[in-house]
Amino acid sequence: MIARIWRGITLAEKADAYVDYLNETGLKDYAKTSGNLGVTVLRRLQGEHCEIVLISLWESMAAVRAFAGENPERSVYYPEDEQYLLEMEPLVRHYDVAEQLLPGDVDPNAVAAIARARR
Numbered sequence: 028m029i030a031r032i033w034r035g036i037t038l039a040e041k042a043d044a045y046v047d048y049l050n051e052t053g054l055k056d057y058a059k060t061s062g063n064l065g066v067t068v069l070r071r072l073q074g075e076h077c078e079i080v081l082i083s084l085w086e087s088m089a090a091v092r093a094f095a096g097e098n099p100e101r102s103v104y105y106p107e108d109e110q111y112l113l114e115m116e117p118l119v120r121h122y123d124v125a126e127q128l129l130p131g132d133v134d135p136n137a138v139a140a141i142a143r144a145r146r
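Written out as structure tokens, the structure reads:
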């Protein structure tokens, strides 16, 4: 599995509108691309700015290329992105997913035992 990580900075007052725009553009394209396993949108307010990070999961680099094209390291932008973003970062990062813990994978008894041991 591949994690594709993109980052952008917008003005804090435009953050909600930009996330709405992402839902209508990139996130829709992720969802309709074969091999996409989902996306997480992160936001972090920093004074007047808001950092937006997209972490999308993909079955393979071939699936990433189906979304991003033959140069998957390049960021994918949409026509109105420049109205929101303070700069257009040219590259994204890709990582092999080494481990993934899902909610059903956690044994509640083990978590409780660890919590008791830390007290």
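Using my numbering, you'd call the opening residue of the sequence shown number 28 and step up by one each time.
In this text, a Cβ means the ideal position worked out from N, Cα and C, and glycines have one as well.
Here the structure is a predicted model, which is why all the values come from computation and not from measurement.
Exercise. In whole angstroms, what is the alpha-carbon distance linking R92 and K59?
Worked result: One C-alpha to the other measures close to 13 Å.
Exercise. Cβ of G35 within 9 Å of Cβ of D134?
Worked result: For the pair G35 and D134, the CB atoms are not nearer than the 9 Å cut-off.
Problem set entry | 8 Å contact criterion, which L118 and E100 should meet: CB distance rounded | By a beta-carbon distance limit of 8 Å, L118 contacts E100. Their separation comes to about 5 Å.
For this session: Identify which residue in L72, N63, I79 has its Cα closest to the Cα of M88.
Result: Checking every option, the nearest Cα to that of M88 belongs to N63.
For this session: Give the secondary structure of G53 by DSSP, where H, G and I count as helix, E and B as strand, and everything else as coil.
Result: Of the three classes helix, strand and coil, the one that applies to G53 here is helix, per DSSP.
Exercise. Roughly how many whole angstroms lie between the Cα atoms of V103 and A125?
Worked result: Going by the C-alpha atoms only, they are around 25 Å apart.
Problem set entry | Three-state class that DSSP yields for Y45 in the structure shown | In this structure, Y45 counts as helix in the three-state DSSP scheme.
Exercise. Where do the N-terminal and C-terminal ends of the beta strand (DSSP E) with E78 fall, by residue?
Worked result: Counting along the chain, the unbroken beta strand (DSSP E) around E78 starts and ends at 76 to 85.
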